[in-house]
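**Student:** Structure incoming, see below.
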Amino acid sequence: MDVLQKIAGRTSQKMRRLRGGLSHFTGADKRFYARARGSRILCYHGVCQSHPTKFNSLFITKETFEQHLQYYMRYFNMVSLDDYYKQNFSNNKFNICLTFDDGFANNYHYVLPLLERYEVPATFFVTGIGAAGYDILWNDMLSIAGLYGPESFTFEGGTYRKNKHRQYCNTAGQSLNNLLRQTGFGQKAELLRMLDKTLPFRRLKQETDYWLQMSAEEITRASRSPFVTIGAHGYYHNDLAGISAADAAKEMADCKYYLEGLTGKAENSIAFPYGSYNANVTAAAKQCGYTQLLTVDIKDPADHNDVSLRERLTINPFISITNQLYANINGAY
Ligand SMILES: [Zn+2]
Numbered sequence: 001m002d003v004l005q006k007i008a009g010r011t012s013q014k015m016r017r018l019r020g021g022l023s024h025f026t027g028a029d030k031r032f033y034a035r036a037r038g039s040r041i042l043c044y045h046g047v048c049q050s051h052p053t054k055f056n057s058l059f060i061t062k063e064t065f066e067q068h069l070q071y072y073m074r075y076f077n078m079v080s081l082d083d084y085y086k087q088n089f090s091n092n093k094f095n096i097c098l099t100f101d102d103g104f105a106n107n108y109h110y111v112l113p114l115l116e117r118y119e120v121p122a123t124f125f126v127t128g129i130g131a132a133g134y135d136i137l138w139n140d141m142l143s144i145a146g147l148y149g150p151e152s153f154t155f156e157g158g159t160y161r162k163n164k165h166r167q168y169c170n171t172a173g174q175s176l177n178n179l180l181r182q183t184g185f186g187q188k189a190e191l192l193r194m195l196d197k198t199l200p201f202r203r204l205k206q207e208t209d210y211w212l213q214m215s216a217e218e219i220t221r222a223s224r225s226p227f228v229t230i231g232a233h234g235y236y237h238n239d240l241a242g243i244s245a246a247d248a249a250k251e252m253a254d255c256k257y258y259l260e261g262l263t264g265k266a267e268n269s270i271a272f273p274y275g276s277y278n279a280n281v282t283a284a285a286k287q288c289g290y291t292q293l294l295t296v297d298i299k300d301p302a303d304h305n306d307v308s309l310r311e312r313l314t315i316n317p318f319i320s321i322t323n324q325l326y327a328n329i330n331g332a333y
């Protein structure tokens, strides 16, 4: 081997390490991770093949997720949600619990094989929208409309125009997304009917990563993996604290019934859509039989005393892996 070949060999080795992402860690970084203690639940949503921010900020690429797993395996102790609640933690490492919200089919196609390859547990929080006859969540339809939809449209007597953030807003500047969050499913179903007819997204098969829900069969198959637990995420992906207490209670019960039918297992965990909850919602969830209640941010400091309620750190697609790892330990970006 001549000198040039040796240099080329070393360079390609270095490139491989860089692509693997570990070489930019300093000794101080490694000591920081090795000394970190504690625990955190992470909240992912979708995993896609490419262009993670094409429609919204709910996705990271499959490649990035695998890199996360490789780092987590190296520095953290990975625990299931059950072990998190039982506090079956490592005393010698920081403990991480993985969760995925929204029940995307990409969780089944991309995440599940990686969980099995790396032997890492996770919980998929799935809605009951499939039982209601839909394969897409209402908010994902609005994200798709933000890219492919008309500049403006009329809906239920109001005119909505796309702003620079690709959100439809009325003349008072209120976004349709925020307005619909405070309603039940009736208006959302009307919007789904209207937009499904006009948007071209169903023809773009390569874009199903960004919206397609897990089928009933995929939920059942995922639940049979020793690395996956299926949890509830409401029935229609409504804001449970924004709708009536009776409707919220019914949604949580219906989702539980639907998922237990598919998995044959008791459903004891629920992640509140948008992290939205109040005292009525947590009480109704417990009455349904849920013992693990997940939000994003705890709203009232007194809620920290509720042993069933836990907060999570939402994964951010705009952040570097190094910063993500720091955020996992510090609990904030
Ligand atoms: Zn959600």
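First residue of the sequence shown? That's 1 in the UniProt record's numbering, and the numbers climb one at a time after it. For every residue, glycine included, the Cβ atom is placed at its ideal position computed from N, Cα and C. For clarity, every value in this text was computed on a predicted model and none was experimentally measured.
1) Assign V79 to one of three DSSP states: helix, strand, or coil.
2) For N95, collect the residues of the same chain with a Cβ closer than 6 Å to its Cβ; drop the 5 residues on either side in sequence, then sort them by chain order.
3) Is it a yes or a no for the stretch 135-153 touching the stretch 106-113, going by three-plus beta-carbon pairs under 8 Å?
4) Of all the beta strand (DSSP E) runs that stay within the bounds of the stretch 202-232, which reach a length of 3 or more residues?
5) Under the three-state reduction of DSSP, which class applies to Q292: helix, strand or coil?
6) At the level of alpha carbons, what is the spacing between N139 and N177?
7) When you get a sec, list the residues whose CB is within less than 6 Å of any heavy atom of ligand 1, chain order please.
8) Going by other Cβ atoms of all chains shown within 10 Å of its Cβ, with 16 needed for buried, is N268 buried or exposed?
9) Return the chain-ordered list of same chain residues with a C-beta closer than 7 Å to the C-beta of T314, the five sequence neighbours on each side being excluded.
10) Restricting to runs no shorter than 3 residues, where is the beta strand (DSSP E) found entirely within the stretch 139-187?
11) Straight-line CA distance for D135 to N328?
12) Cβ of Q70 versus every heavy atom of ligand 2: is any distance shorter than 8 Å?
13) Going straight from the alpha carbon of A332 to that of Q324, what length do you get?
14) Terminal residues of the continuous beta strand (DSSP E) containing F100?
15) Cα-Cα, which of P226, L81, M214 is closest to Y118?
16) For the stretch 240-249 and the stretch 203-219, state whether three or more C-beta atom pairs, one from each stretch, are separated by less than 8 Å.
17) Check the Cβ-Cβ distances between D239 and every residue of chain D, and say whether any is below 9 Å.
18) Take every Cβ of the stretch 284-295, pair it with every Cβ of the stretch 248-255, and state whether three or more of those distances are shorter than 8 Å.
19) Which residues in the same chain have their Cβ closer than 6 Å to the Cβ of G103, if we skip the five residues on either side of it in sequence?
20) Give the straight-line distance between the Cα atoms of F185 and T159, rounded to the nearest whole angstrom.
21) Name the one or two DSSP bridge partners that Y44 has.
22) What residues are listed by DSSP as bridge partners for G38?
**Tutor:** By the coordinates alone:
1) strand
2) S39, N77, V79, F89
3) no
4) 228-232
5) strand
6) 7 Å
7) D101, D102, H233, H237, P273
8) buried
9) C43, V296
10) 152-155, 158-162
11) 32 Å
12) Annotation note on ligand 2: not contained in the displayed structure, which lists ligand 1 as its ligands.
13) 9 Å
14) 94-101
15) P226
16) no
17) Chain labels in this structure do not include chain D; a single protein chain is all it has.
18) yes
19) V126, T127, Q213, M214
20) 20 Å
21) F100
22) F94
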